[in-house]
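Colleague: All residue numbers for the sequence shown refer to the numbering used here, where the first residue is 3 and numbers rise by one. Beta carbons: idealized from backbone N, C-alpha and C, even for Gly. This one's a predicted model, so the numbers in the text were calculated from it and none came from an experiment. Please see the structure below; I have some questions.
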Amino acid sequence: MNKIKTILIDDMPLAIESLKADLLEYHNNEIEIVAAAGGVMEAAKVIKKLRPELLFLDIHMGDGDGFDLLEIIEQGNIAVVFTTASKDFAIQAFQFSAVDYLLKPIDPELLKQSISKVKAFLNKSEDERSLDYISISTHDEIRRINVNDILRLEAMGNYTQFFLDDGSKILVTKTLKDYDEALGADFIRVHQSHLVNLKHIKAYIKTEGGYIEMKDESHVPVSVRKKPMVMQLLLK
């Protein structure tokens, strides 16, 4: 396995230097530190530019917190290890699919265990790594949802409406594009405004311009460009 491209994110320079020293001393053959960032916006820029495989991420920073950063970026298959002085955010961290949660000052033995977890995560195939759950953020809360319970998603301007198997709806403060890449192979973009779960498609109706009938009897339009792909997938 090649060295893991890693970015260190913390608003305390001493914390970055301490973690960097430990990684260079004990894990130089496994970790390649490609950048360090001192805040949310700086980190978002270097992540987009360098496409790391691993983030060591502080929670409290001057221009926001680590969770704000994960809301901004497309986390995808990036492994995230939170590093913080507080025990209070572990549940929230794992709702964001963190690989590990380390308390400062970081114990070298626990750091070693974290690196092992990261390697195991990155060594999984894309199918194995596909998320069973996804954390979605509304104005009031962060909810953890089983992806199999999602029927479809619909764009609402800069928001996305989730339609769930139990009939409920959730309006989320992210665009549909953010979920198009994050949700995996079972979800297909059938229209500029619609993303559907293949497992919950009831039928493809060829008349009236072509549309999908979902398990909940809702109808989803299919764009002309997407029709061949939809029919091919449903005939498999």
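Using the beta-carbon count (16 or more within 10 Å), is Ile138 buried or exposed?
Modeller: Counting Cβ neighbours within 10 Å, Ile138 comes out buried, since at least 16 surround it.
Colleague: Using only CA atoms, which one of Asp167, Gln163, Gly169 lies nearest to Asp180?
Modeller: Of Asp167, Gln163, Gly169, the residue nearest in Cα terms is Gln163.
Colleague: Take Ala157 as the anchor and find which of His29, Arg227, Pro223 has the nearest alpha-carbon.
Modeller: For the residues His29, Arg227, Pro223, the minimum Cα distance to Ala157 belongs to Pro223.
Colleague: Strictly by DSSP, which residues pair up with Val36?
Modeller: In the DSSP output, where bridge partners are listed per residue, Val36 has none listed.
Colleague: Would Leu185 and Ile136 be called neighbours here (beta carbons separated by less than 8 angstroms)?
Modeller: Yes, the pair counts as a contact, with Cβ atoms nearer than the cut-off.
Colleague: Where does the unbroken alpha helix (DSSP H) through Glu73 begin, and where does it stop?
Modeller: It spans 68-74 - the alpha helix (DSSP H) in which Glu73 sits, taken as one unbroken run.
Colleague: Between the alpha carbons of Ile75 and Ile6, how many angstroms are there, rounded?
Modeller: Cα to Cα, the separation comes out at about 19 angstroms.
Colleague: Report all residues from its chain with a CB closer than 8 angstroms to the CB of Ser20; omit the five preceding and five following residues, and keep chain order.
Modeller: Here the set comprises Pro107, Ile108.
Colleague: Any idea if Leu71 is buried or exposed, counting beta-carbon neighbours within 10 angstroms, 16 or more meaning buried?
Modeller: By the 10 Å Cβ count, Leu71 comes out buried.
Colleague: Can you give the Cα-Cα distance for Phe189 and Phe69, rounded to whole angstroms?
Modeller: Each residue's alpha carbon lies about 25 angstroms from the other.
Colleague: Would you report the Cα separation of Pro15 and His202, rounded to the nearest angstrom?
Modeller: Near 49 angstroms, if we compare the C-alpha coordinates of His202 and Pro15.
Colleague: I'd like the span of the beta strand (DSSP E) that includes Gln163, first residue to last.
Modeller: Residues 161-166.
Colleague: Which residue from Ile147, Lys126, Asp12 puts its Cα closest to that of Met63?
Modeller: When each option's Cα is compared against that of Met63, the closest is Asp12.
Colleague: Sort Tyr206, Leu178, Tyr103 by Cα distance to Ser195 and report the nearest one.
Modeller: When each option's Cα is compared against that of Ser195, the closest is Leu178.
Colleague: Please state if the CB of Ala95 and the CB of Glu55 are separated by a distance shorter than 8 angstroms.
Modeller: Cβ distance not < 8 angstroms, so Glu55 and Ala95 don't count as in contact.
Colleague: Rounded to whole angstroms, how far is the Cβ of Leu52 from the Cβ of Ile18, which I believe are closer than 8 angstroms?
Modeller: At roughly 16 angstroms, the Cβ-Cβ gap does not stay under 8 angstroms, so Leu52 and Ile18 are not in contact.
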